[in-house]
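For reference, each letter of the sequence shown is one residue, going 47 to 623 in this note's numbering.
For each residue, glycine too, the CB sits at the ideal point set by N, CA and C.
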Amino acid sequence: MCDVSGFTGNLPFSIEQFGEVNKARGPDGTTYYDEPFLKIAHSLLAISPNKDKLQQPYVDERTGNVLAWVGELYGLGKDQWDTKVLSDILALGEVGIEMLKYNTNGMWGFVYYNRAKQTITMCRDHWGVKPLYYAVMGENLAFSSTPIPLIMALNTLGYGSGVNNFRKQQWEQNDRFLFGTGFPINGIKKVPPGGITTWCMKRNKITKHDNLWGNFKLEPNYNWSSPQIEEKITRCITEVCTAPGIKKTVALSGGIDSTLIASIAKRNGIEDLTATTIKFLKKDAKDPKGNFPVNMGMYEEFNLAKQTCAELDIPHKTSVYHGTHECFRTTMEMLQVPMWDRKRTAPRHENIKTAAKNKNKVYIVGDGADELVTGYSGDYNYFADGVSHEMDRMKWHNRIREIKDIQKQGGLLRGVLSSMAEIFQMIPQHKDVIGMDPINNRQWMRAMMHVDGFMTAADHLCGAYGMESRAPYLHQELSKFLLNIPGAVKLQMPACEMEEYPEDKDEYRGQYKWVLRDACKDLIPDHIRYRGKKIGFADPVNARDEEYNNFIGNEDFENYHEWIRQMKFDVDSEAES
C-alpha cells in the first residue's frame with residue numbers, strides 16, 4: 047500500500063519512530079528525508095516499474111523539490127516510473143495541478159515540498175481512494191496515511207485525543223461514514239477527496255485550500271451509446287487492474303460490479319489474477335431484543351461467485367467469516383478509524399486477510415459503482431417524485447442559500463444540512479457543479495459522502511497486511527463519464543423475466559444498473575446478469591436491523607476511543623517537556 051508520514055520542525059520523537067507506526071503498509075523497505083525543517087518517512091510496497099531502483103521520498107535533481115506519495119498512475123508506458131511522472135507534473139506548478147484535475151488518471155495521497163516557495167502541498171485524488179490525514183500542533187504540521195501516528199503525537203505532546211462531539215454527531219448522522227475533512231477525534235483532519243491543502247513553512251500555517259474537481263459539471267451527455275459505454279468501461283477497468291508480475295485478486299461477490307471487473311480483467315489478459323470470496327457460516331444470533339433476522343440470500347453469494355470463477359477460469363479462493371468478538375476487535379485495530387459498520391467491515395477484513403495469506407499484493411474492489419450508475423432502490427424513488435430538472439436545480443441552490451443564512455446568523459447546522467455544508471466547504475464552486483439531472487446531482491453528493499468511507503476501509507485494512515487496494519470504477523475518466531450518463535438511462539429496465547423478479551418494478555428499477563448489466567451484457571455471465579435484486583456484502587445475521595447497528599456502532603466507537611487514548615511515543619521526559 048505504501049505509507050507517507052512526517053512532520054515539520056523538531057519534535058521530541060524521531061522520524062524513525064513516527065514512520066515505524068505504519069511500516070506494515072510498506073513491506074519493501076522504509077526510507078527517509080531528514081532535514082531540520084522537514085522530516086518524511088516513506089514505506090514502500092513495490093508495484094510500479096522502477097528499473098533505476100530510485101527511492102522515495104523522491105528529490106527532483108533540477109529543483110530540489112521533494113515528493114512522497116502512495117498510489118498509482120494508470121495507463122503509463124511499460125518502463126515509466128509513476129513517481130517520477132508525478133514529480134514532473136507537480137514541477138509544472140499550476141499547469142501541473144490542471145493536469146491532475148483533468149488529464150491524469152490514478153489514485154494518490156501525496157505530500158510535495160516546493161523548496162523555492164517553502165510550501166508543503168497535501169493532495170488526494172478526486173474520490174479519495176488514498177486517504178491522507180494531518181494535524182496542526184502549534185507551529186508544526188504532521189501528516190500521515192493513517193491517523194494513528196498523529197494520535198500518538200497529539201497524546202505525546204499533551205494535546206490529548208478527546209472526542210470531537212460535532213464530528214462524531216456528523217459521523218453518526220451520515221450512517222457512520224467518515225467524509226470530507228471531518229474526523230471525530232480533536233486535532234485531526236483529513237484532506238478531503240480531491241482536496242489540495244497548502245502549508246506555508248515561512249508562516250507556519252495553512253494558507254490555501256483548493257480542489258481537483260475544477261470546472262467539472264454534472265451535465266447530461268446525450269451522445270452516449272452502448273458500444274461507447276462498453277469500450278470506456280473495458281479500457282479503464284483494464285488500466286486499473288494492470289500490474290505486471292504482481293499477484294492480484296478481485297474481491298468477488300455474486301453481484302454485477304465485482305463480476306464485471308473480474309470478467310474484463312480476465313478477457314484482457316491480466317495475469318496473476320485470482321478472486322477471493324467470503325463464505326458465511328450458517329448460525330443463529332440474537333440482537334438485544336431477542337430477535338435474529340437473517341438474510342438467507344447472503345449465504346448464496348459464495349456459490350454465485352464460485353460459479354463465476356468456474357465460467358471465467360479464474361482461481362477461486364475462499365475466506366470464512368465467523369463473526370467473533372475477537373474478529374471485531376482485530377478489525378478495529380487494523381482499520382485504525384472508527385468503524386463504519388461492523389456487519390459490513392468485519393467480513394471485508396476477513397476477505398482481505400485471506401487475500402494476504404495467498405500472497406496477493408493488489409486487492410481490487412467494486413466500490414463506487416452503486417453511486418455512479420445507481421444501485422440503490424431509493425435512486426428511482428427520488429426520480430419518480432416528479433421533480434422537474436429546473437426545480438431540482440433550484441432545490442439544490444435553495445439548500446445552499448439556507449445553509450449560508452444559518453451560518454450568517456450563527457446557528458448550528460444539523461443532520462443533512464451539516465453534511466452538505468461540509469461538501470460545499472470542500473468544493474466552493476459546488477453550485478457550478480450542479481447540473482440539470484436530479485439523479486446525477488443526488489448520486490454525486492452521495493458519492494462524495496460515502497465513497498470516501500468505503501475507500502478508507504479498503505485502504506487501511508489492505509495496508510495493515512502490506513497490500514494495495516484499487517477501485518476500478520473510480521478511475522477519473524471513467525467515473526466522470528458514468529456520472530454524466532443521463533439518470534433516466536441509468537434507471538431504465540427492460541421488460542424481461544429474471545430470477546426473483548419483483549412485482550414492484552419501480553422499486554427494483556433503482557438497483558438494476560442498466561449501464562453495467564445491459565450495456566456490457568456480453569461481459570457478464572448469465573447467472574449474474576439475470577439474477578434479481580442484489581444482496582449486499584454483509585454478515586447475514588442482523589445486517590438490516592438499523593436500531594441494532596446503531597447500538598453496536600456506539601459500542602465500537604467507545605472501544606475505539608479507549609484503544610487510542612493512551613497511545614504515545616516513547617520519548618525522553620526532558621525532551622517531551
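Contact check for PRO95 against LYS130 fails: the beta carbons are separated by 8 angstroms or more.
In this structure, DSSP gives ARG222 a state outside helix and strand, which the three-state scheme calls coil. With the rule of 3 Cβ pairs closer than 8 angstroms, the segment 560 to 576 counts as touching the segment 307 to 326. When the beta-carbon positions are compared, MET344 and PHE326 come within less than 8 angstroms of each other. For VAL209, same chain residues with a beta-carbon under 8 angstroms away, outside a window of 5 residues either side, are PRO230, ILE231, ASN232, HIS607 in chain order.
The beta carbon of LYS278 sits closer than 7 angstroms to those of LEU524, PHE527, all from its chain and outside the five residues before and after it, given in chain order.
In the DSSP assignment, ARG516 falls outside any alpha helix (DSSP H) and within the unbroken beta strand (DSSP E) covering 514 to 516. Beyond the five residues adjoining it in sequence on each side, LYS214 comes within less than 6 angstroms, by CB distance, of PRO230 in the same chain, given in chain order. The Cβ-Cβ distance between ASN269 and SER191 does not fall below 8 angstroms.
In the DSSP annotation of this structure, the continuous segment of the alpha helix (DSSP H) that includes PHE374 starts and ends at 371 to 381. In this structure, DSSP gives ILE275 a helical state, which the three-state scheme calls helix. In the DSSP assignment, ASP49 falls within the beta strand (DSSP E) that extends over 49 to 54. For the pair SER60 and ARG71, the CB atoms are not nearer than the 8 angstroms cut-off.
Looking at GLU140, ALA137, ASP80, ILE93, the one whose alpha-carbon comes closest to that of GLN126 is ILE93.
Judged by DSSP secondary structure, TYR345 falls within the alpha helix (DSSP H) whose first and last residues are 344 to 358. In the structure shown, THR284 adopts helical secondary structure according to DSSP, grouped into three states.
GLY117 is bridged by DSSP to TRP154.
In summary, SER272 is exposed, with fewer than 16 beta-carbon neighbours lying within 10 Å of its beta-carbon over all protein chains present. Exposed is the label assigned to ALA356, since fewer than 16 other Cβ atoms lie within 10 Å of its Cβ.
Shown here, THR502 sits in a helix according to DSSP, grouped into three states. Taking 8 angstroms as the cut-off, the Cβ atoms of TYR104 and LEU113 count as close.
Distance between ASN267 and PRO532, taken at the CA atoms: about 6 angstroms. Excluding sequence positions up to five before and after GLU144, its CB lies within less than 8 angstroms of the CB of GLY260, all in the same chain and listed in chain order.
Apart from the 5 residues on each side of it in sequence, LYS536 sits with its Cβ closer than 7 angstroms to the Cβ of VAL419, THR420, ILE485, TRP560, VAL561 in its chain, given in chain order.
The secondary-structure analysis by DSSP pairs GLU81 across a beta bridge with LEU84. Beta-bridge partners assigned by DSSP to TYR511: none are found. Residues PHE374, ILE598, ASP602 of the same chain have their beta carbon placed closer than 7 angstroms to that of ARG388, with the five preceding and five following residues left out of the count. When DSSP states are grouped into helix, strand and coil, ASP564 belongs to the coil group. Cβ contact annotation for LYS407 (same chain, cutoff 8 angstroms, sequence separation greater than five): LEU91, ILE93, ALA289, ILE292, LYS293, LYS294, GLY512, MET513, GLU514, in chain order. Around MET539, the same chain offers ARG555, TYR558 as residues with beta carbons nearer than 6 angstroms, after the five sequence neighbours per side are excluded.
Considered as a whole, the segment 168 to 248 harbours 179 to 183, 186 to 190, 241 to 246 as its complete beta strand (DSSP E) runs of no fewer than 3 residues, in chain order. Judged by DSSP in its simplified three-state form, ASP256 adopts strand. In this structure, ARG108 is the residue among MET153, ARG108, ASN151, GLY155 with its C-alpha nearest to the C-alpha of ASP134. For LEU520, there is no enclosing beta strand (DSSP E), as DSSP marks it with neither H nor E. Contact between ASN600 and TYR594 does not hold, since the beta-carbon distance rounds to 11 angstroms and is not under 8 angstroms. Judged by DSSP secondary structure, THR320 falls within the beta strand (DSSP E) whose first and last residues are 319 to 326.
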